Amino acid sequence: MLLPHQKHSWSCVLFLSNPALLVYLKFSALNFPKESRDGFARINFTFPSLSSISVCVRVQWDLQWSEVSTIFSYAAAVFTNEFQLRSQVDSQGRILLALIIHGKHMPYKASFSNDGAWHHICVTWTQASEQWVIYVDGERKDAGSGAETSRDIHGDGIFILGQDQDSFGGNFTEPFFGNITDLNVWNTSLEARHVRALYGCASGSHEVFFSWSLEYLIRHEVVREMEALLFCPGECVHFTCNYLQIYSILTFCNFNSNSRLEID
């Protein structure tokens with residue numbers, strides 16, 4: 001079953017300051033507490049076979065966890081390690097990211113500071129060129145191509161947030177602890193300019209294959225819903241806001257995705 005593209009509304013906070021106008025968006029997010037290794041969320045969505053894929057997500061890591069974490073895993077009945085994003089913390093306190101594609105574990109190379117802040121992560125892959133890319137906060141951090149990535153990703157799989165899948169839909173051993181929001185999936189390989197625009201909170205002209213909505217997530221009982229206020233580095237001029245109330249320091253408004261910056 002393919003879900004219709006969801007039209008979301010976010011709360012937008014504009015902080016008035018000179019010389020810049022700072023923009024924050026309020027997202028519905030999930031908290032994966034370190035008190036339990038059982039937490040996960042499953043996307044209630046039927047995936048077809050994919051010759052290209054892009055997954056973008058906003059993630060905040062628990063600073064007290066330094067072991068291997070699984071941000072998301074996609075498993076098929078015929079092959080469990082189809083597409084997976086993992087992280088670990090190195091001796092210098094940096095977060096390192098690695099992709100698994102068709103069971104091939106790429107090296108932990110994409111690195112950035114483990115600073116407790118939210119980070120925008122995008123990963124892309126396409127079968128035609130066998131090329132994969134990892135972006136962090138709009139910047140290309142790692143890329144590669146070649147061995148063992150030359151077939152489509154199997155369809156009818158299970159997409160899990162916060163856990164690996166050593167068996168189809170279960171046998172979780174490497175949990176993620178922290179917060180996750182704004183996970184979206186495309187059945188195409190996004191270009192760098194599209195990723196940069198998404199990092200800046202723009203809505204693109206590429207139709208989202210799966211759009212973030214808690215309504216379509218099945219959660220373990222330990223995973224909690226929360227609200228996250230995230231900084232938007234994009235230009236505020238791209239947002240159309242209806243003012244609710246004006247204060248001397250800040251203004252609250254509504255932003256609807258129908259008012260979108262096209263990035264085609």
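Read in UniProt numbering, the sequence shown has 35 at position 35, and its numbers run on one by one without any break. In this text, a Cβ means the ideal position worked out from N, Cα and C, and glycines have one as well. In this text the structure is predicted, and so the values were computed from the model without any measurement.
- Contact between Phe-27 and Asp-182 is confirmed by a C-beta separation of about 6 Å, below the 8 Å threshold.
- Residue pairing for Leu-217: DSSP places it in a beta bridge opposite Ile-43.
- Phe-159 places its beta carbon less than 8 Å from that of Ile-43.
- Under the three-pair Cβ rule at 8 Å, the stretch 124-144 counts as touching the stretch 188-205.
- Under the Cβ criterion (8 Å, minimum of three pairs), the stretch 196-210 counts as touching the stretch 131-138.
- DSSP lists Cys-56 and Tyr-135 as the bridge partner or partners of Cys-122.
- By the beta-carbon neighbour count (other beta carbons within 10 angstroms, threshold 16), Ala-228 is buried.
- Rounded to the nearest angstrom, the gap between the Cα atoms of Val-185 and Gln-92 is 32 Å.
- Looking at the backbone, the Cα of Arg-94 and that of Leu-230 are separated by about 21 Å.
- Taken through DSSP and simplified to helix, strand or coil, His-102 comes out as coil.
- A distance below 7 Å between beta-carbons, with the five flanking residues on each side excluded, links Gly-144 to the following residues of its chain, in chain order: Met-106 and Trp-132.
- Scanning its chain for C-beta atoms nearer than 7 Å, with the 5 sequence neighbours on each side dropped, one finds around Gly-157 the residues Phe-47, Tyr-74, Ala-75, Ala-76 and Glu-82, in chain order.
- Taking C-beta atoms as the reference points, Phe-32 and Val-223 count as a pair closer than 8 Å.
- In terms of Cβ geometry, Asn-179 and Gln-88 do not form a close pair [threshold 8 Å].
- Looking at the DSSP output, Gly-170 bridges to Ser-167.
- If you look at Val-185, you'll find it in the beta strand (DSSP E) that goes 178-186.
- Taken atom to atom, the span from the alpha-carbon of Asp-152 to that of Ser-211 is near 22 Å.
- Beta bridge pairing from DSSP links Glu-225 with Leu-30.
- For Ile-134, the closest alpha carbon among the candidates Ile-53, Pro-233 and Met-226 is that of Ile-53.
- The DSSP-derived three-state label of Leu-198 is helix.
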